[in-house]
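Numbering (my numbering), first residue to last: 9 to 452.
Cβ atoms here follow ideal geometry from the backbone N, Cα and C, with glycine treated the same way.
The structure presented is a predicted model; accordingly, all values stated were derived computationally and were not measured.
For reference, the structure is listed below as structure tokens.
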Ligand code: PLP
């Protein structure tokens, strides 16, 4: 049993009990330290125990912790929306706050459908997404997720939104060669639109860098530009799911910026509050908001805790911290060092097939044979074995890849807090090497 939120197994000793965290380290109650090389679930972007954030939390708690979103707004929520608009720049200016990444993508889906309803085109209500994607665990978000393992128990409740392949050049799903493929996987969006009919499609959703379902898969240049052009050609909204990649993780405020693509809707979560308090957002352009404000005047979404003042104040403090400490630029620089370090270690082990990523978001894929890229059989449970070895050696890495036999290999994500110092990066390298060596000596 390794479900994440059951209390009893924690008490039964399945997971270590964490007593506190500082910087890139977490400490358990027996005093063991863990270098948080995955920022939890790619969330603790500014590390643990940052005083400024604790202070902001306290100050807001002394003012007010809760107001209901459709009765009041708060200074914290207003300032947070302004700060996001300032950091993101461009046309994405209107924030709708929720509590998790899943709620953010589900809200994006609903806003896209409502947008077309308010424009008098209610038939435009389907979404297109990609295989090897993860957009969240609630049913709408899971309907968009091309993640077979997380879908399989609930298939009868889900829409079949994933319909195009991912830009997974390491094992091209279309069996083509990168560089000479003419971005065929992007062209598949057009094929899919023509099959379903543009009149039936509200939006296309994609993660700029694929996270949990693929371990930091970075698309080739030109890919996102092409997708955006296709969306424009067929009048379909473009949603960028930046729950994992947003707020500096890849060395830009939004990862979409790497390819100069401006989405109609963007979703944020995780790093938006660095894990200090649950908050996420769907952010839209004026173009998307206008028909709604001229029509029903209200977005049909929201939760009791939407725009919670405490979470908004915490998120604002995290974004101020990112801004005043130039963390986005620093992430780009540290990311280069991290990438070089992981690639170097990758060359030392025959079972590391691919090291890929952008900024401070890296994926490592394991193979039985570097040349043939043959994946380990799923029954070997390589990802979890490596994660377990990491834990034993005081290193936290994050599981990734969708577990599709023959399609994706076992993989982990390494994505430490953007605040990691050079000496801590070296320590990360030591612990990673040790983890891999013990896996090599003991596996199979
Ligand atoms: N979207 C992406 C890209 C994610 O990586 C995740 C979580 O890993 C989600 C959505 C769902 O976020 P949450 O777990 O906060 O609901």
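In this structure, the CA atom of residue 120 is about 37 Å from the CA atom of residue 392. Under DSSP, the beta-bridge partners assigned to residue 212 are 136, 246.
Setting aside the 5 residues that flank it on each side, residue 148 is surrounded in the same chain by 114, 117, each with a C-beta closer than 7 Å to its C-beta; the list follows chain order. Taking C-beta atoms under 8 Å as the contact rule, residue 271 and residue 248 qualify, at a distance of about 4 Å. Contact between the stretch 365–376 and the stretch 342–354 is present, with at least three C-beta pairs closer than 8 Å. In this chain, the alpha helix (DSSP H) harbouring residue 86 covers 83–96.
Nearest to residue 232 by C-alpha distance, out of 223, 38, 439, 246, is 246. Residue environment: residue 352 is assigned as exposed (fewer than 16 neighbouring CB atoms within 10 Å of its CB, all protein chains considered). About 5 Å separates the CB atoms of residue 46 and residue 423; that is less than 8 Å, so the two are in contact. Secondary structure of residue 171 (DSSP, three-state): strand. With a beta-carbon spacing of about 7 Å, residue 420 and residue 395 fall inside the 8 Å limit used to define contacts. In the structure shown, the three-state DSSP call for residue 70 is helix. Inter-segment contact for the stretch 67–86 and the stretch 262–279 is absent: fewer than three beta-carbon pairs are separated by less than 8 Å. Here the alpha carbon of residue 122 sits roughly 10 Å from the alpha carbon of residue 128. A Cβ-Cβ distance of about 4 Å is found for the pair residue 142 and residue 221, placing them in contact under the 8 Å criterion.
At a threshold of 6 Å, residue 113 counts as near ligand 1, since its beta carbon sits closer than that to one of the ligand's heavy atoms.
The beta carbon of residue 108 is closer than 7 Å to those of 277, 286, 288 in its chain, skipping five residues each way along the sequence. Here the alpha carbon of residue 260 sits roughly 39 Å from the alpha carbon of residue 449. Each of 100, 208, 150 was checked against the Cα of residue 124, and the nearest Cα belongs to 208. In the assembly as shown, residue 160 is an exposed residue. Its beta-carbon has fewer than 16 other beta-carbons within 10 Å.
Residue nearest to residue 254 within the set 52, 150, 312 is 52 (criterion: CA-CA distance). With 16 or more other CB atoms across the displayed protein chains lying within 10 angstroms of its CB, residue 316 is buried.
Distances between the C-beta of residue 251 and the heavy atoms of ligand 1 include at least one below 6 Å.
Within the same chain, 106, 251, 275, 276, 277, 288, 289, 290 come within 7 Å of residue 112 by CB-CB distance, once the 5 residues on both sides are set aside.
A direct Cα-Cα distance of roughly 14 Å separates residue 169 from residue 145.
Note: residue 373 is bridge-paired with 362, 419 in the DSSP secondary-structure output. Cβ-Cβ distances below 6 Å link residue 309 to 115, 118 in the same chain, with the five nearest sequence neighbours on each side left out; the list follows chain order.
Collapsing the DSSP output to three states places residue 25 in coil. Taken from the Cβ of residue 329, every heavy atom of ligand 1 lies 6 Å or farther away. Residue range 273–276 is occupied by the beta strand (DSSP E) that includes residue 275.
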